[in-house]
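Colleague: Below you will find the structure I want to go over with you.
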Amino acid sequence: MRIAMIGTGYVGLVSGVCFSDFGHDVICVDKDAGKITRLQGGEVPIYEPGLDQLMEKNVAAGRLSFTSDLAAAVAGAEAVFIAVGTPTRRGDGHADLTYVMAAAEEIAAALTGYAVVVTKSTVPVGTNRQVKQVIAKANPQAEFDVASNPEFLREGAAIEDFMKPDRVVVGVQNDRAAEVMAEIYRPLYLRDYPVLSTDLESAEMIKYAANAFLAAKITFINEVAGLCERVGADVKEVSRGIGFDGRIGNKFLHAGPGYGGSCFPKDTAALARIGQDHGFPMRITETVMRVNDEVKARMVEKLRDACGGSFNGKTVAVLGVTFKPNTDDMRDAPSLTIVPALVGGGARVRVVDPQGKAEGEALLPGVKWEEDPYKAAQNADLVVLLTEWNEFRALDLKKLARKMEVPRMADLRNIYSPKSAKQAGFESYTAVGRGQMNGAAK
Ligand SMILES: NC(=O)c1ccc[n+]([C@@H]2O[C@H](COP(=O)([O-])OP(=O)(O)OC[C@H]3O[C@@H](n4cnc5c(N)ncnc54)[C@H](O)[C@@H]3O)[C@@H](O)[C@H]2O)c1
50 MRIAMIGTGY VGLVSGVCFS DFGHDVICVD KDAGKITRLQ GGEVPIYEPG
100 LDQLMEKNVA AGRLSFTSDL AAAVAGAEAV FIAVGTPTRR GDGHADLTYV
150 MAAAEEIAAA LTGYAVVVTK STVPVGTNRQ VKQVIAKANP QAEFDVASNP
200 EFLREGAAIE DFMKPDRVVV GVQNDRAAEV MAEIYRPLYL RDYPVLSTDL
250 ESAEMIKYAA NAFLAAKITF INEVAGLCER VGADVKEVSR GIGFDGRIGN
300 KFLHAGPGYG GSCFPKDTAA LARIGQDHGF PMRITETVMR VNDEVKARMV
350 EKLRDACGGS FNGKTVAVLG VTFKPNTDDM RDAPSLTIVP ALVGGGARVR
400 VVDPQGKAEG EALLPGVKWE EDPYKAAQNA DLVVLLTEWN EFRALDLKKL
450 ARKMEVPRMA DLRNIYSPKS AKQAGFESYT AVGRGQMNGA AK
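Per the working numbering, the very first residue in the sequence shown carries number 50; after that it's consecutive.
In structure tokens, the structure reads:
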């Protein structure tokens, strides 16, 4: 199969690289010429474990290339994927479809023979039909079908997720398009991964329903964590206790500082908007969004309490700023709420992140970047564990405590325990949904 991938961001690049590894000929397109130049030079513009080797292998095999010439990539392609961004539209929460529709128009002009135009971007119900209309209007002679193929990969585990997916969802309108999609995903059919073939609207809805459900699950345990703090329960025990129930499952039950990232905030907002537009408010999703904002705000108060009521004049070391480990993505990360609150409150803030500096520097003004957590903690009044990178999971707590002016820790990922913090010499330890330690540790 010959595939053109329009948009070479997280999803487009990972999908393009993996499709080429399936044996297809893939040309990845981006309008960001700088990104294409880097890719042509063999440089991966994002941090994603394993992506560089897989990209190198498939470029060397002659199956994968990069260009900013969309027309050349689309000419002769049997499938053209749209993998451009669908950020939140300013003001109303709706998914901004400007990039998708602009790509559709450009594709229309470049089609040379029958092709399936596949939307991989996360888009509201009805968008694939709209893409079809846009292409048909711009090029009435074009012979094409549309397909919806939402992506479920997780940043940080993207290759594994793409190659060994829980499922692939394909929405089509006829057998011809279904056959092209089946050919593209044949390696996964052969390995018995579930490939769900459905209609366009259901495929579009599946993606939003999945993300809204996961956001709700995280937010549920975050809310339970708040109550655990009031009643003296330990949310880690509660998560374990409910997670063994097969109907609930143990994934996405880790209490923390609130969800962020490139998808959940914008997709919950878009689903809420879709509900409002259709006179059917998605009340659970709307509440989830509100509670998640409250969770993040509660974290700031937790840190303020840990600092004795004010950030002013305090030195705070923040470990981890990306929205989760194993990615350099800072989009809607909880750090973007928490760090400015620290800086704005008068704290001197030092941050450490294994991959976050390049993206984070412009987004977190007024902080000092450090390479080493112990250096960041030197003479600090508080250490905040914000993203659970492996580097921060096995810290020498005694060493850390010794470096500090006042050994206090706010562990917003519940990696350590009140007991281990106390044993290491911390004078206070605050976590999420668990017993605090200000002397008596459990
Ligand atoms: N990032 C994720 O984890 C993830 C997971 C599943 C689904 N998605 C969805 O996939 C879509 C893409 O997300 P992303 O994170 O890869 O976005 P991104 O911002 O990383 O990448 C989008 C790319 O598209 C390029 N682009 C925009 N318009 C173009 C055009 N007309 N021609 C060529 N290139 C163009 C941009 O320059 C950019 O490089 C979104 O709808 C998102 O919701 C993302």
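All C-beta atoms in this analysis are idealised placements derived from N, C-alpha and C, irrespective of residue type, glycine included.
If you count every other CB in all the chains shown that lies within 10 Å of the CB of A5, and 16 or more means buried, which is it?
Modeller: Since the first residue shown for the chain is 50 and the last is 491, residue 5 is missing from the structure and cannot be characterised.
Colleague: Which residue wins for smallest C-alpha separation from A252, given the options E228, P173, L202 and Y59?
Modeller: Residue mapping note: residue 252 aligns to position 203 of the sequence shown, counting from 1. Ranking the options by Cα distance to A252, first place goes to P173.
Colleague: Helix, strand or coil for K417? Go by DSSP, reduced to three states.
Modeller: Along the sequence shown, one-based indexing puts residue 417 at 368. Looking at K417 - three-state DSSP - the assignment turns out to be strand.
Colleague: Which whole-angstrom value describes the C-beta separation of G310 and D421, a residue pair presumed to lie in contact below a C-beta threshold of 8 Å?
Modeller: Counting from one through the sequence shown, the residue named residue 310 turns up at place 261. Counting from one through the sequence shown, the residue named residue 421 turns up at place 372. Not really, about 26 Å apart at Cβ, beyond 8 Å.
Colleague: Suppose the cutoff is 6 Å on Cβ atoms and the five residues either side in sequence are ignored; what does the same chain contact list for G58 look like?
Modeller: To locate residue 58, count along the sequence shown from 1; it is residue 9. Closer than 6 Å at Cβ, skipping near neighbours: no residue.
Colleague: Give me the Cβ distance between L435 and P383, rounded to the nearest whole Å; I'm assuming they're in contact under 8 Å.
Modeller: For the purposes of this step, residue 435 is taken as residue 386 along the sequence shown, with counting starting at 1. For the purposes of this step, residue 383 is taken as residue 334 along the sequence shown, with counting starting at 1. At roughly 7 Å, the Cβ-Cβ gap stays under 8 Å, so L435 and P383 are in contact.
Colleague: Assuming G61 is part of the beta strand (DSSP E), what are its boundary residues?
Modeller: If you number the sequence shown from 1, residue 61 lands on position 12. Note, G61: premise wrong, no beta strand (DSSP E); alpha helix (DSSP H) at Y59 to F71.
Colleague: I'd like to confirm something about E127: is its beta-carbon nearer than 7 Å to some heavy atom of ligand 1, or not?
Modeller: Reading the sequence shown from its first residue, position 78 is the one you call residue 127. The answer is no for E127.
Colleague: Suppose only complete runs of 4+ residues qualify. What are the alpha helix (DSSP H) ranges in the stretch 201-229, listed by chain order?
Modeller: With a minimum length of 4 residues, the continuous alpha helix (DSSP H) runs that stay inside the stretch 201-229 are 207-212.
Colleague: Cβ-heavy atom distance between L461 and ligand 2 below 7 Å?
Modeller: Among the ligands modelled here, namely ligand 1, ligand 2 does not occur.
Colleague: Skipping 5 residues on each side, what residues in its chain have a beta carbon closer than 6 Å to that of S114?
Modeller: Position 65 of the sequence shown, counting from 1, holds the residue named residue 114. Contacts found: I76.
Colleague: Within the chosen definition, does the stretch 148-159 reach the stretch 330-344 through at least 3 CB pairs nearer than 8 Å?
Modeller: No: the two stretches stay apart, fewer than three of their Cβ pairs being nearer than 8 Å.
Colleague: Under the three-state reduction of DSSP, which class applies to A132: helix, strand or coil?
Modeller: Locating residue 132 in the sequence shown gives position 83, where the first residue counts as 1. If DSSP states are grouped into helix, strand and coil, A132 belongs with coil.
Colleague: Report the three-state DSSP secondary structure of I267 (helix, strand or coil).
Modeller: What you label residue 267 is simply residue 218 of the sequence shown in a count that begins at 1. Helix, per DSSP.
Colleague: Is it the case that the CB of F201 approaches a heavy atom of ligand 1 more closely than 7 Å?
Modeller: Residue numbering aside, residue 201 sits at position 152 when the sequence shown is read from its first letter. Within the cutoff, so yes.
Colleague: Does the beta-carbon of Y478 have 16 or more other beta-carbons within 10 angstroms, so that it is buried, or is it exposed?
Modeller: What you label residue 478 is simply residue 429 of the sequence shown in a count that begins at 1. Buried is the call here.
Colleague: Just checking: is the beta-carbon of Y238 within a distance shorter than 8 Å of some beta-carbon in chain D?
Modeller: In the displayed structure, chain D is absent; only one protein chain is listed.
Colleague: How many whole angstroms separate the CB atoms of V219 and V244, which I take to be in contact at a CB cut-off of 8 Å?
Modeller: For this step, residue 219 is matched to residue 170 along the sequence shown. For this step, residue 244 is matched to residue 195 along the sequence shown. Confirmed, about 7 Å.
Colleague: Find out if the Cβ-Cβ distance for the pair G205, A132 is shorter than 8 Å.
Modeller: Along the sequence shown, one-based indexing puts residue 205 at 156. Along the sequence shown, one-based indexing puts residue 132 at 83. Not in contact: G205 and A132 (Cβ atoms no closer than 8 Å).
Colleague: Given this structure, state the Cα-to-Cα distance separating G65 from T364, to the nearest angstrom.
Modeller: Residue mapping note: residue 65 aligns to position 16 of the sequence shown, counting from 1. Residue mapping note: residue 364 aligns to position 315 of the sequence shown, counting from 1. So the alpha carbons of these two residues sit roughly 45 Å apart.
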